[in-house]
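By our numbering, the letter at position 545 of the sequence shown is numbered 1330, and the numbering carries on one by one without gaps. All remarks here apply to the structure that follows.
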Amino acid sequence: MDQGLELHTRSIEQPEAFWGEAAKLIDWQRNAEQVLNSSAAPLYRWFSGGALNTCYNAVDRHVEAGRGEQIAIEYVSPVTGHNRSINYLSLQKQVARLAGLLKSLGVEKGDRVVIYMPMVPETAFAMLACARIGAIHSVVFGGFAANELATRINDAKPKVVLSASCGIEPSGVVAYKPLLDDALAQASHKVDNCVILARPQYQCELTDGRDLDWYSAVADAPEAECEVIAATDPLYILYTSGTTGTPKGVVRDNGGHAVALAWSMSHIYNIEAGDVFWAASDVGWVVGHSYIVYGPLLVGATTLLYEGKPVGTPDAGAFWQTIAKYKVKSFFTAPTAIRAIKREDPDGELIKPYDLSCLGQVFLAGERCDPDTLEWCQSKLDKPVIDHWWQTETGWPVAANLMGVAPLPVKPGSPARAVPGYQVEVLDAMGEQVGANETGNVVIKLPLPPGTLPTLWQNDQRYQDSYLSMYDGYYLTGDAGYIDEDGYLYIMSRIDDIINVAGHRLSTGRFEEVLCQHDSVAEAAVIGVSDKLKGQLPLGLVVLKAGARADHDVLYKELLTLVRSEIGPVAAFKLVSAVPKLPKTRSGKILRATMRKIADNQDYKMPATIEDPQTLDIVQNTLTRMGYSKALTQAVS
786 MDQGLELHTR
796 SIEQPEAFWG
806 EAAKLIDWQR
816 NAEQVLNSSA
826 APLYRWFSGG
836 ALNTCYNAVD
846 RHVEAGRGEQ
856 IAIEYVSPVT
866 GHNRSINYLS
876 LQKQVARLAG
886 LLKSLGVEKG
896 DRVVIYMPMV
906 PETAFAMLAC
916 ARIGAIHSVV
926 FGGFAANELA
936 TRINDAKPKV
946 VLSASCGIEP
956 SGVVAYKPLL
966 DDALAQASHK
976 VDNCVILARP
986 QYQCELTDGR
996 DLDWYSAVAD
1006 APEAECEVIA
1016 ATDPLYILYT
1026 SGTTGTPKGV
1036 VRDNGGHAVA
1046 LAWSMSHIYN
1056 IEAGDVFWAA
1066 SDVGWVVGHS
1076 YIVYGPLLVG
1086 ATTLLYEGKP
1096 VGTPDAGAFW
1106 QTIAKYKVKS
1116 FFTAPTAIRA
1126 IKREDPDGEL
1136 IKPYDLSCLG
1146 QVFLAGERCD
1156 PDTLEWCQSK
1166 LDKPVIDHWW
1176 QTETGWPVAA
1186 NLMGVAPLPV
1196 KPGSPARAVP
1206 GYQVEVLDAM
1216 GEQVGANETG
1226 NVVIKLPLPP
1236 GTLPTLWQND
1246 QRYQDSYLSM
1256 YDGYYLTGDA
1266 GYIDEDGYLY
1276 IMSRIDDIIN
1286 VAGHRLSTGR
1296 FEEVLCQHDS
1306 VAEAAVIGVS
1316 DKLKGQLPLG
1326 LVVLKAGARA
1336 DHDVLYKELL
1346 TLVRSEIGPV
1356 AAFKLVSAVP
1366 KLPKTRSGKI
1376 LRATMRKIAD
1386 NQDYKMPATI
1396 EDPQTLDIVQ
1406 NTLTRMGYSK
1416 ALTQAVS
């Protein structure tokens, strides 16, 4: 039995012994009474009765171990030209003071703090400061529009918001403060205080009686000590796509999260104390939480925080230059980034000037990695390129190559086998396991391992309805795929209509809601169409209200502006057209899956329940005119 399979078998057959041993990677203030508590199944809890502090484990214990001078965070900002090295001792003081400021503003254990900030070190300070005093942070990606931020404020009900005057993109400055002010005006929940980090690229006005200047407020604050936090207490809330209405607030607990991430850093990512790890993501996403801030710091590594893009800051060699300069051992990015680099530098000429001997491996995740992208990256770098798969909900990899202990041969198109702790299966609609290489619904048998979501924020029922109700005893991932004869998992598509734009999971239902806000639009359908760079792009088809006489160019611009305002620039929404009628079943369901196949030039079956077959011809002609479905697809009878 190979070592990876042995670890996996033990984790499934003896989960309490396996994770009890892994828990020794963490310093506990009180040991757990139960490693796995099944008393409220299917709401399982890990390390019940235990107590720890995540900030202490990520910061203070490394200082106490005599490694205070080691660099904790390398801040690299090609968009501003400013770089900064922060050692563990400096990190400890900055975090303790910010935690002290939060306490002086009345933030107590269990209170929520919303963080709406760019990719700067202070964002990591904010997360760790909340962890230090037991406040629950909720980071909202800076690209989200004001109404999306307001929705999250209403759900989390924070006492304080930590924000900045602006973020900086290659296209220019994105003013955060006006968006925050707008969101707070829209929100029914009222926030006591906002602490605003002033950046020189955009000066903003502070609201009297509510807003504080970050630098002066932190400078005057006392240093706060680490609180004793129950292992089962929430560390953070991270909102993920919901089809309509309130987004789902994924909860992460303190104990299981710390154990799982510490275990994953050495076993999956091959990172130990003192190594340099770079996850080229954003702190607004789960990758940023797990592998920019918490994971590397929990094991005493150096984490690289990058404010830039794979191309354009300044060119397609930026990633390789950064890896060489900072001696990055493991690098983690999205396939979208590699595709962007490949488009700009197809022959890999901008790799050649840099000494990448420090680099052990590259990890790709955030969307399905097509074999061409993986093989290009592997051939140009001459390094192992590891596709791996996980979700916001799981918080750490479900399927991956264990590069730290038991590397497997790479199969392009597969994230390899299930990681220890996860019993992944593929089931048909009736809940029966399918055979090797047969596609079905990808599920994980309960209990989920430590570090995964124990529930949704203040909504156990929605958690069970969303994830646990389809198959008794299983967590539904929402993905379809298959497992081959060697146990390698292949993720092929989403079961539902969540689309993946450059690694950002966005709901088509949300797009449709926004498009229907336009005065001329009666109904809308949005599908994800394949895109070589971003993986998928949202494409909208709208039916106009009777009598509406909107000019096509004017309507196009208005719809784009509406989506950008309501959802934000991360939507990458540029494809929309009016059609006289949408294809539907006789029961009124829009045939989105069929339209996706038409757009992507795939064979499709004429649905037996279609109301009007001619509507598919209308859609096909429209998509052809828009540059999709370039060759007419033959319907398969």
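Cβ atoms here follow ideal geometry from the backbone N, Cα and C, with glycine treated the same way. Predicted, not measured: the structure shown is a model, and the values here were computed from it.
Start-to-end residues for the alpha helix (DSSP H) that takes in residue i
i     : result
R846  : R846 to E849
T1400 : Q1399 to R1410
H1052 : G1040 to H1052
L1083 : G1080 to L1083
Y1413 : Segment: none, Y1413 is in no alpha helix (DSSP H) and carries neither H nor E.
W831  : No alpha helix (DSSP H) holds W831; the beta strand (DSSP E) holding it covers R830 to S833.
S796  : Q788 to E798
V1348 : H1337 to E1351
V1003 : W999 to A1004
I1136 : Per DSSP, I1136 belongs to no alpha helix (DSSP H) and is neither H nor E.
C979  : Taken as a continuous stretch (DSSP letters only), C979 belongs to no alpha helix (DSSP H), being part of the beta strand (DSSP E) at N978 to L982.
Buried versus exposed, by CB contacts within 10 Å (16 or more), residue i
i     : result
Y1076 : buried
F1079 : Before going on, a small fix: residue 1079 reads as Tyr here, not Phe. Result: buried.
Q1208 : buried
T1158 : buried
T1346 : exposed
R869  : exposed
Y1000 : exposed
E1178 : buried
D896  : buried
H1337 : exposed
D993  : exposed
A802  : exposed
Q1246 : exposed
E798  : exposed
Reduced DSSP secondary structure (H/G/I, E/B, other) of residue i
i     : result
S1164 : helix
W1242 : coil
H1303 : coil
I1268 : strand
K1127 : helix
A1420 : Note that A1420 scores 34 on pLDDT, short of 50, meaning its location in the model is unreliable; the coordinates nonetheless yield the value given after this. Looking at A1420 - three-state DSSP - the assignment turns out to be coil, as it is neither helix nor strand.
N932  : helix
C840  : helix
N939  : helix
Y1248 : helix
I1280 : coil
V1071 : helix
F1077 : According to the sequence shown, residue 1077 is Ile rather than Phe. Helix, per DSSP.
L1291 : strand
R1381 : helix
W804  : helix
E859  : strand
Q971  : helix
F1358 : coil
Pick from the options that is closest to residue i, judged by C-alpha positions
i     : options                       : result
N1386 : L1408, P1398, K1342 and D1397 : L1408
A817  : A825, L828, S824 and G805     : G805
E954  : R917, T865, H1173 and A1378   : T865
G789  : D1271, F832, H867 and A970    : D1271
P1169 : S1142, G1040, L874 and Q1176  : S1142
A1406 : H1173, K1366, C915 and D1316  : Per the sequence shown, the amino acid found at residue 1406 is Asn instead of Ala. The shortest C-alpha separation from N1406 is found at K1366.
V1013 : S948, V1035, A1047 and A920   : A920
L1193 : A1310, Y1091 and H1052        : H1052
M1224 : V1348, Y1273 and V1113        : The sequence shown places Thr at residue 1224, rather than the Met named in the question. For T1224, the nearest C-alpha among the options comes from Y1273.
N1206 : K1033, P800 and I900          : Sequence inspection shows Gly at residue 1206; the Asn mentioned does not correspond to that position. The shortest Cα separation from G1206 among K1033, P800 and I900 belongs to P800.
Start-to-end residues for the beta strand (DSSP E) that takes in residue i
i     : result
R882  : Note, R882: premise wrong, no beta strand (DSSP E); alpha helix (DSSP H) at Y873 to S889.
I1108 : Run containing I1108: none in the beta strand (DSSP E); it sits in the alpha helix (DSSP H), A1103 to Y1111.
K1230 : G1225 to K1230
L1089 : T1087 to Y1091
A949  : V945 to A949
For residue j and residue i, believed in contact at Cβ under 8 Å, the rounded distance
i     : j     : result
A930  : G1236 : Incorrect: roughly 31 Å between the Cβ atoms, too far for contact.
G1180 : N1055 : Between N1055 and G1180 the Cβ distance is about 19 Å, and since that is not below 8 Å, they are no contact.
G957  : P903  : So it is not a contact: roughly 13 Å between Cβ atoms.
I1280 : N1226 : 6 Å
T908  : V1068 : 5 Å
A1184 : A1214 : With a Cβ gap of about 23 Å, A1184 and A1214 do not count as contacting.
P943  : S923  : 7 Å
L876  : A850  : The Cβ separation is near 14 Å, so there is no contact.
R882  : A1006 : 5 Å
T1240 : V1036 : 6 Å
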